[in-house]
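Going by the working numbering, the residue at position 252 of the sequence shown is 253; the numbering climbs one at a time, nothing skipped.
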Amino acid sequence: MLGATVVFALQDGISRHLAGTYNTYMVVMIRYWFFAAFVVALAARTQGGVRAAARTDQLVLQIFRGILLAGEICVAVYGFTILGLIESQAVFICYPLLVAALSGPVLGEKVGWRRWAAIGVGCVGVLIILQPGMGVFNPAAIIPLISALMFALYGLLTRYAARKDSTATSFFWTGIAGAVVMTAIGMWFWEPMEPADWGWMALLCVSGVSGHWLLIKCYEMAEASAVQPFAYFHLLWAAMLGIAIFGETLRDAVVIGTALIVGAGLFTLWRERAQSRP
């Protein structure tokens, strides 16, 4: 999980660099081409091959999941170019709290008062970071919050799809549906790239595949609730990149708000794990 957070933070930094120079849709489209090739190659190595991985009775749901994730990545990358890595990631890490809040209406799961209290604390942390009452509020600050909401909904729909489909099937359609929709959009925004930036693009594609592979291996060996707390290291690596490479600054409000969000998220994970014990 720690390795995955390092890779994903590097991916965020490269995405910010490329999307700051070229169109976001084009950058995400090329990234999805590589991702689609990866999921097809992975499916071909499983029992039954690509046909077995693609078989599903929830085709509309699986396609919607893939499109939702592709849209979330576009919003997140755009947020990096507008707000920077630190500000974007500080707000985005509230997504586990959004998952907990939406698990009731989407999945019919029961959310107790303790988790609702943790969600409330996390919302306070987000407000501290966004500072809507301090002078003129910047509407762009909402971008990572929209990204977090989309990612939370994607995670919940993935749980819902898992009731009937295997992980291999969900992963397959995530890559294929995303690649199709991003190609349909991104092809209209194609622009020539400098030779050096093609190297960064290749590294972005490889890092995306490597990060997903590390996550898959991680969840094969450990329970998600046991390793999920380490995912918050993603923010640490992103902050280091933002400060060292892009000259970003770390505001006191971001530190305080992030501490509240991470604390509330860890408590929510602990409650979920405690309730799942027999």
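We put the beta carbon where it would ideally sit given N, CA and C, even for glycine. From a predicted model like this one, the values you see are computed outputs, not experimental measurements.
Burial is judged here by how many other beta carbons sit within 10 angstroms of a residue's own beta carbon; residue 177 has at least 16 and is buried. With a 10 Å radius around the Cβ and a threshold of 16 neighbouring Cβ atoms, residue 46 comes out exposed.
Residue 231 carries a helical assignment under DSSP once its states are collapsed to helix, strand and coil. Residue 124: member of the alpha helix (DSSP H) spanning 114-131, first to last residue.
DSSP, reduced to helix, strand and coil, places residue 223 outside both helices and strands of the structure shown, so it counts as coil. The straight-line gap separating the alpha-carbon atoms of residue 23 and residue 84 is approximately 17 angstroms. Between residue 174 and residue 67, the C-beta spacing is below 8 angstroms. Here residue 208 really is in contact with residue 12; their C-beta atoms are around 4 angstroms apart, less than 8 angstroms.
Judged by their CB atoms, residue 91 and residue 33 are not nearer to each other than the 8 angstroms cut-off.
Distance check between residue 201 and each of 8, 16, 232 places 16 closest, using alpha-carbon atoms only.
If the five residues before and after residue 272 are omitted, its C-beta is found closer than 7 angstroms to the C-beta atoms of 115, 116, all from its own chain and listed in chain order.
Residue 111 and residue 99 have their alpha carbons spaced roughly 14 angstroms apart.
It is roughly 27 angstroms from the alpha-carbon of residue 58 to the alpha-carbon of residue 30. If you draw a straight line from the Cα of residue 217 to the Cα of residue 43, it is about 11 angstroms long. Annotated as distal: residue 247 and residue 19, with beta-carbon spacing of 8 angstroms or more. Note on geometry: alpha-carbon atoms of residue 172 and residue 60 lie some 13 angstroms from one another. Under the three-state reduction of DSSP output, residue 57 falls in the coil class, being neither helix nor strand. Apart from the 5 residues on each side of it in sequence, residue 74 sits with its Cβ closer than 6 angstroms to the Cβ of 29 in its chain, given in chain order. Distance from the Cα of residue 9 is smallest, within the candidate group 232, 39, 256, for 232. Taking the Cα of residue 194 as reference, the smallest distance to any Cα among 5, 21, 4 is reached at 21.
Cβ-Cβ distances below 6 angstroms link residue 124 to nothing in the same chain once the five nearest sequence neighbours on each side are left out.
The three-state reading of DSSP puts residue 251 in coil, since its state is none of H, G, I, E or B. The C-alpha of residue 26 lies about 8 angstroms from the C-alpha of residue 188. From the listed residues 4, 127, 222, 184, the smallest Cα separation to residue 149 is found for 127. About 7 angstroms separates the CB atoms of residue 56 and residue 170; that is less than 8 angstroms, so the two are in contact.
Straight-line measurement puts the Cα of residue 222 at about 15 angstroms from the Cα of residue 213. Take residue 156, set aside five residues on each side of it, and the residues of its chain with a beta-carbon closer than 6 angstroms to its own are 100, in chain order. When DSSP states are grouped into helix, strand and coil, residue 111 belongs to the coil group. Taking 8 angstroms as the cut-off, the beta carbon of residue 5 is found no closer than this to the beta carbon of residue 206.
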